[in-house]
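Undergrad:
Residue numbers (this note's numbering): 16 to 636.
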């Protein structure tokens with residue numbers, strides 16, 4: 016039971032007394048009850064202040080104690096667990112060493128420290144055979160341990176309770192600043208790491224499972240970029256609230272452990288959150304909690320008139336299967352989270368050894384990719400584009416290739432995502448642009464009729480503040496006419512920041528460069544935006560060309576894109592054309608250009624001139 020002694024506005028010091036004797040419990044109650052303040056000017060402290068001008072220390076009588084009493088060790092452990100779940104832990108625990116007929120105080124002290132690593136425990140005993148050194152070996156030494164002999168003096172109890180209680184409160188104030196996130200008020204990365212380390216220690220001793228969840232919000236950067244960081248902070252606060260509610264409503268019986276939402280959840284940094292399930296029955300049960308968390312975001316977050324759709328990707332790592340230390344578990348949960356994100360987000364994934372193997376391969380790939388430019392391992396191949404009506408070569412698309420001494424030929428779909436994630440795509444993209452422009456100029460000087468060279472530009476490269484100036488500089492350095500360069504961007508580039516994208520496109524258009532939207536139809540752009548962008552060409556993605564002759568939906572999409580482009584006075588290039596039937600269909604719909612293996616595979620620069628001459632000669636015949 017609890018016994019409140021609140022008499023002032025000061026936050027009370029929470030005390031737990033565990034003793035099997037009712038008379039002893041009554042003594043604590045009497046000793047720690049509120050004391051009436053002495054009349055002003057009558058205490059020794061008041062007289063000292065008047066005579067010597069010294070400040071009056073905080074009076075012990077002004078302290079308030081919130082008391083909880085237990086008769087046995089098991090009840091004491093349960094009380095500590097409940098106090099942690101409430102978010103108001105005990106400051107001091109007075110623990111009788113022997114409380115028959117159940118477990119003793121040592122048993123309780125070990126388990127209490129596993130629940131609250133920093134609580135001060137005062138061991139109270141009437142026996143002289145207690146060995147503090149032996150106890151300290153068995154009780155986790157994270158908090159202070161004191162020993163008090165029965166019978167005790169009332170002043171001892173009150174002074175110990177007050178001193179340790181004030182220290183815990185001061186520590187809590189410092190801890191709030193050091194261990195809690197200022198925006199969401201959740202525990203931060205530092206707190207969570209300590210909590211995880213303590214939970215791992217308990218899991219090792221008690222041989223039970225532990226689950227760690229790593230959650231990253233999907234597309235949160237877009238919210239910050241569009242609506243501002245202050246609005247983003249409001250979203251994070253609402254996310255934290257929903258996470259707390261979902262954890263508090265978790266069925267503890269179903270997963271085999273109590274979930275202390277106040278300490279199990281943390282804002283790890285940015286838009287990343289972590290959840291700890293310290294005593295889970297089975298690793299797979301963490302999926303129940305992850306699913307409940309994801310369901311908490313089924314409804315949009317409404318803020319200042321905006322309905323914000325927020326989803327998350329969750330990775331789960333389980334002790335001991337997926338790691339036995341803090342760093343390994345965090346790394347594996349983070350790895351699993353990225354796999355969930357690659358599944359289009361709003362889902363969760365458990366860590367697997369295959370993920371670790373893939374991650375090691377990725378690290379090796381990234382290491383080699385960082386050296387690829389300096390080692391001159393990158394090359395460009397060029398895939399011809401055909402004017403459907405005239406049968407002439409209308410241009411080529413520059414495609415990046417990489418051959419490494421250790422890894423051999425690396426496919427673009429393997430290394431380009433890594434280049435984008437690590438921002439290596441920016442220097443690589445500049446190299447591609449410069450090399451393609453220089454090659455186009457070389458062809459022109461050699462009399463090889465290549466009207467234009469198309470270069471893909473990544474989101475990161477396009478977003479560089481000086482990108483148009485970079486293009487202008489490269490054109491001047493290589494001597495290529497601006498009309499001989501076509502820059503291809505995806506719909507995601509346009510949607511990232513519409514106003515900035517429009518300004519960049521207009522600067523490029525002012526230079527005389529041609530502009531194309533690659534993979535048109537696979538993104539999420541609005542047709543209303545399309546009319547505002549100074550685009551010359553739409554490229555139909557190969558996904559709509561592959562089954563063009565058999566799938567009526569693909570036929571409808573391709574026909575619609577061609578019709579749309581024609582009405583907007585834009586050209587259309589169809590990618591991935593591999594068969595004569597596909598070519599015939601596109602020609603019947605007045606598609607301007609085609610590109611694909613039906614015409615030619617991507618070729619090294621030195622083979623392009625021969626390909627064009629052969630095709631020109633065949634056309635003359």
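Glycine is no exception: its CB is placed at the ideal position from the N, C-alpha and C atoms. Keep in mind the model is a prediction, meaning the values are calculated, not measured.
1) Between the region 426-434 and the region 477-490, do three or more beta carbon pairs fall short of 8 Å?
2) Just mark residue 142 as buried or exposed, buried being the case when its beta carbon has 16 or more other beta carbons within 10 Å.
3) Rounded to whole angstroms, what is the Cα-Cα separation between residue 14 and residue 414?
4) If you drop the 5 nearest sequence neighbours on each side, which residues of the same chain put their C-beta closer than 6 Å to that of residue 399?
5) Within 10 angstroms of the Cβ of residue 356, are there 16 or more other Cβ atoms? Answer buried if so, exposed if not.
6) Excluding the 5 residues flanking residue 98 on each side, which residues of the same chain have their C-beta closer than 6 Å to its C-beta?
7) Would residue 566 and residue 535 be called neighbours here (beta carbons separated by less than 9 Å)?
8) Tell me, please, which residues DSSP counts as bridged to residue 137.
9) In the DSSP assignment, find the beta strand (DSSP E) that holds residue 555 and state where it starts and stops.
10) Check whether the Cβ atoms of residue 233 and residue 325 sit closer than 9 Å, and answer yes or no.
11) Could you check where the alpha helix (DSSP H) with residue 216 kicks off and where it finishes?
12) For residue 632, collect the residues of the same chain with a Cβ closer than 7 Å to its Cβ; drop the 5 residues on either side in sequence, then sort them by chain order.
13) Short check: CB of residue 467 to CB of residue 499, under 9 Å?
14) Report the CB separation of residue 32 from residue 82 in whole angstroms; it is logged as a contact under 8 Å.
15) Starting from the C-beta of residue 626, find all residues in its chain whose C-beta is less than 7 Å away, skip the five residues before and the five after it, and write them out in chain order.
16) Based on the DSSP secondary-structure assignment, which residues constitute the bridge partners of residue 410?
17) Taking 9 Å as the cut-off, decide whether the C-beta atoms of residue 89 and residue 123 are in contact.
18) Rounded to whole angstroms, what is the Cα-Cα separation between residue 610 and residue 529?
19) In terms of residue numbering, what span does the alpha helix (DSSP H) encompassing residue 3 cover?
20) Going by beta-carbon coordinates alone, are residue 334 and residue 224 separated by less than 9 Å?
21) Helix, strand or coil: how does DSSP classify residue 444 here?
22) Counting C-beta neighbours from all protein chains within 10 Å, is the total for residue 471 16 or more, i.e. buried, or is it exposed?
23) Using only the alpha-carbon positions, how far apart do residue 302 and residue 342 sit?
24) Answer yes if the region 302-316 comes into contact with the region 189-204, meaning at least three C-beta pairs across the two stretches below 8 Å, and no otherwise.
25) Roughly how many angstroms separate the alpha carbons of residue 84 and residue 96, rounded to a whole number?
26) Please state if the CB of residue 37 and the CB of residue 129 are separated by a distance shorter than 9 Å.
27) Taking Cβ positions, are residue 363 and residue 337 nearer each other than 9 Å?
28) Going by the DSSP bridge assignment, what does residue 619 pair with across the sheet?
29) Just reading off the beta strand (DSSP E) that residue 529 is part of, what are its end residues?
30) Between which residues of its own chain and residue 548 is the CB-CB distance below 7 Å, once the five residues before and five after are set aside?
31) Measuring CA to CA, which of 283, 348, 80, 391 is closest to residue 374?
32) Rounding to the nearest angstrom, what Cα-Cα distance links residue 546 and residue 533 in this structure?
33) Is residue 531 near residue 501, with beta carbons less than 9 Å apart?
34) Please report how far the alpha carbon of residue 179 lies from the alpha carbon of residue 382, in whole angstroms.
35) Between the Cα of residue 439 and those of 380, 523, 620, spot the shortest distance and give me the residue it belongs to.
36) Distance check for residue 258 and residue 308, CA to CA, integer angstroms please.
TA: On the basis of the data shown:
1) The region 426-434 vs the region 477-490: no contact.
2) By 1-based counting over the chain shown, the position of residue 142 is 127. Per the 10 Å Cβ criterion, exposed.
3) The structure shown does not extend to residue 14, since the chain is modelled only from 16 to 636, so the question has no answer here.
4) Numbered from its first residue, the chain shown carries residue 399 at position 384. Answer for residue 399: 408, 411, 614, 615, listed in chain order.
5) Numbered from 1 along the chain shown, position 341 holds the residue referred to as residue 356. When all chains shown are included, residue 356 counts as buried.
6) As a position in the chain shown, residue 98 is number 83, starting the count at 1. If we look at residue 98 and ignore the five residues flanking it on each side, its Cβ neighbours are 104, 105.
7) In the chain shown, counting from the first residue as 1, residue 566 sits at position 551. In the chain shown, counting from the first residue as 1, residue 535 sits at position 520. For the 9 Å CB-CB criterion, residue 566 and residue 535 do not form a contact.
8) On the chain shown, position 122 is the one that residue 137 refers to. DSSP links residue 137 through a beta bridge to 109, 161.
9) The sequence position of residue 555 within the chain shown is 540, counting from 1. It spans 552-555 - the beta strand (DSSP E) in which residue 555 sits, taken as one unbroken run.
10) Sequence index remark: in the chain shown, residue 233 carries index 218 (1-based). Sequence index remark: in the chain shown, residue 325 carries index 310 (1-based). Taking 9 Å as the cut-off, the beta carbon of residue 233 is found closer than this to the beta carbon of residue 325.
11) One-based indexing of the chain shown puts residue 216 at position 201. The continuous alpha helix (DSSP H) containing residue 216 extends over residues 204-221.
12) One-based indexing of the chain shown puts residue 632 at position 617. So the list is empty, once near-sequence residues are dropped.
13) As a working note, residue 467 is residue 452 in the chain shown. As a working note, residue 499 is residue 484 in the chain shown. In this structure, residue 467 lies near residue 499, with their beta-carbon atoms less than 9 Å apart.
14) Translated into the one-based positions of the chain shown, residue 32 becomes position 17. Translated into the one-based positions of the chain shown, residue 82 becomes position 67. That pair is a contact at about 6 Å.
15) Within the chain shown, the letter at position 611 stands for residue 626. If we look at residue 626 and ignore the five residues flanking it on each side, its Cβ neighbours are 399, 615, 618.
16) For this step, residue 410 is matched to residue 395 along the chain shown. DSSP lists 400 as partners of residue 410.
17) Position 74 of the chain shown, counted from the first residue, corresponds to residue 89. Position 108 of the chain shown, counted from the first residue, corresponds to residue 123. Yes, these two residues count as a Cβ contact at 9 Å.
18) For this step, residue 610 is matched to residue 595 along the chain shown. For this step, residue 529 is matched to residue 514 along the chain shown. If you take the alpha carbons of residue 610 and residue 529, they lie about 17 Å apart.
19) Any question about residue 3 goes unanswered here, given that the chain covers just 16 to 636.
20) The residue labelled residue 334 in the question sits at position 319 within the chain shown. The residue labelled residue 224 in the question sits at position 209 within the chain shown. Taking a C-beta distance under 9 Å as the contact criterion, residue 334 and residue 224 qualify as a contact pair.
21) Within the chain shown, residue 444 is the residue found at index 429, counting from 1. It is helical.
22) As a working note, residue 471 is residue 456 in the chain shown. Burial call: buried.
23) Within the chain shown, the letter at position 287 stands for residue 302. Within the chain shown, the letter at position 327 stands for residue 342. Looking at the two C-alpha atoms, the distance is approximately 21 Å.
24) Three or more Cβ pairs closer than 8 Å define a contact, and the region 189-204 falls short of that threshold against the region 302-316.
25) As a working mapping, residue 84 is identified with position 69 in the chain shown. As a working mapping, residue 96 is identified with position 81 in the chain shown. Approximately 14 Å, taken between the alpha carbons.
26) Mapped onto the chain shown, residue 129 falls at position 114. Mapped onto the chain shown, residue 37 falls at position 22. For residue 129 and residue 37, no; Cβs fall outside 9 Å.
27) Here residue 363 refers to the residue found at position 348 when the chain shown is read from its first residue. Here residue 337 refers to the residue found at position 322 when the chain shown is read from its first residue. If you check the CB distance, residue 363 and residue 337 do not come in under 9 Å.
28) Taking the first residue of the chain shown as 1, we reach residue 619 at position 604. DSSP output for residue 619 lists 396 as bridge partner(s).
29) What you label residue 529 is simply residue 514 of the chain shown in a count that begins at 1. Per DSSP, residue 529 belongs to the beta strand (DSSP E) from 529-535.
30) In the chain shown, residue 548 corresponds to position 533, counting from 1. Once the five neighbours on either side are set aside, the close Cβ partners of residue 548 are 509, 517, 520.
31) Here residue 374 corresponds to residue number 359 of the chain shown, with the count starting at 1. For the set 283, 348, 80, 391, the Cα lying nearest the Cα of residue 374 is the one of 348.
32) Start at 1 with the first residue of the chain shown, and residue 546 comes out as number 531. Start at 1 with the first residue of the chain shown, and residue 533 comes out as number 518. A straight line joining the alpha-carbon of residue 546 with that of residue 533 spans about 16 Å.
33) Position 516 of the chain shown, counting from 1, holds the residue named residue 531. Position 486 of the chain shown, counting from 1, holds the residue named residue 501. Judged by their CB atoms, residue 531 and residue 501 are nearer to each other than the 9 Å cut-off.
34) Position 164 of the chain shown, counting from 1, holds the residue named residue 179. Position 367 of the chain shown, counting from 1, holds the residue named residue 382. Answer to the nearest angstrom: the Cα atoms are 53 Å apart.
35) As a first step, residue 439 must be located in the chain shown, where it is residue number 424. Cα-wise, what sits closest to residue 439 is 380.
36) Numbered from 1 along the chain shown, position 293 holds the residue referred to as residue 308. Numbered from 1 along the chain shown, position 243 holds the residue referred to as residue 258. Going from the Cα of residue 308 to the Cα of residue 258 covers about 6 Å.
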